[in-house]
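Asks: Residue numbers (this note's numbering), protein chains in the order written: chain W, 732 to 847; chain U, 10 to 123.
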Amino acid sequence: NAGVMQNPRHLVRRRGQEARLRCSPMKGHSHVYWYRQLPEEGLKFMVYLQKENIIDESGMPKERFSAEFPKEGPSILRIQQVVRGDSAAYFCASSPLLRQGADGYTFGSGTRLTVV
Amino acid sequence: DQQVKQNSPSLSVQEGRISILNCDYTNSMFDYFLWYKKYPAEGPTFLISISSIKDKNEDGRFTVFLNKSAKHLSLHIVPSQPGDSAVYFCAASPLNFGNEKLTFGTGTRLTIIP
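1. Consult DSSP for Asp93(U) and reduce its assignment to one of helix, strand or coil.
2. Ignoring anything shorter than 3 residues, give me the beta strand (DSSP E) runs that lie fully in the stretch 745 to 795 of chain W, in order along the chain.
3. Under 7 Å between beta-carbons, which chain W residues line up against Lys110(U)? List them in chain order, please.
4. On the criterion of 16 or more Cβ atoms from any shown chain inside 10 Å, does Tyr48(U) qualify as buried, or is it exposed?
5. For Gly816(W), would you say it is in contact with chain U, using Cβ-to-Cβ distances shorter than 7 Å as the test?
6. If Ala798(W) sits next to Ile807(W), beta carbons under 8 Å apart, how far is it from one beta carbon to the other, in whole angstroms?
7. If we cut at 7 Å on Cβ distances, does Gly759(W) have a partner in chain U?
8. Assuming Thr842(W) and Ser825(W) make a contact with CB atoms under 8 Å, what is their CB distance in whole Å?
9. Which chain U residues sit within Cβ distance under 7 Å of Gly773(W)?
10. Between the beta-carbon of Met757(W) and the beta-carbon of Val735(W), is there less than 7 Å?
11. Per DSSP, what kind of secondary structure is Asp10(U) in: helix, strand or coil?
12. Less than 8 Å between the CB atoms is what I'm expecting for Ser58(U) and Leu82(U), so what's the real figure, rounded?
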């Protein structure tokens, strides 16, 4: 049973380009969460999605960032017109429908975005 | 506004001894607390959790203690092993599990000295 798959593992973008980060949840998991870790900081919540629904996007920057979790396919975190401050590790986590609390989270290995 | 604080960025402990990692929080709405372990270039892995109705939870070598009045929790690892060398994150969430949002501390890098 594959874990949470994130790709790419590393992504380099020039300022002003778009970054697309993908997350395939574990089999049977219908909830996806995105977190961002800036250098020397802890993980910060960005957005919580279920299939075709955004449940909580209180951690998402108001501009340039968007997330989706379509009926088919992976969840996508999209960052438009990237700036140097977007350089970070982006982690996706998934959990099953019948929640066991946050113990049920499984994190992926992350995508390290570098903006040059 | 750092609602979950881990004031020790790093800690070194001799193999076989006890490792104690500390975490403080400020938000009274937090009701569930977790510890995650993270190796370089990997995602965090869940280690142990505790709800506010308890003051202690134990799982093998790992024990988490919660002092709700002091808004403080700690993770004890005994005996410490070289494979325990990693970054440890404390995290918290509110009672309402309709919102799965976790608030993380900044982490403590634990190094076990053989």
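The C-beta atom is built at its ideal place from N, Cα and C for all residues, glycine as well.
Replies: Considering the structure as presented:
1. helix
2. Scanning the stretch 745 to 795 of chain W for uninterrupted beta strand (DSSP E) segments of 3 residues or longer gives 750 to 755, 760 to 768, 774 to 781, 784 to 787, listed from N- to C-terminal end.
3. Phe776, Tyr779, Asp787
4. exposed
5. By this cut-off, Gly816(W) is not an interface position.
6. 7 Å
7. no
8. Wrong, their Cβ atoms sit about 15 Å apart, outside the cutoff.
9. Neighbours of Gly773(W) in chain U, taken as residues at a C-beta separation under 7 Å, are given in chain order as Phe98, Phe113, Gly114, Thr115, Gly116.
10. yes
11. coil
12. Contact doesn't hold; Cβ gap of about 10 Å is too wide.
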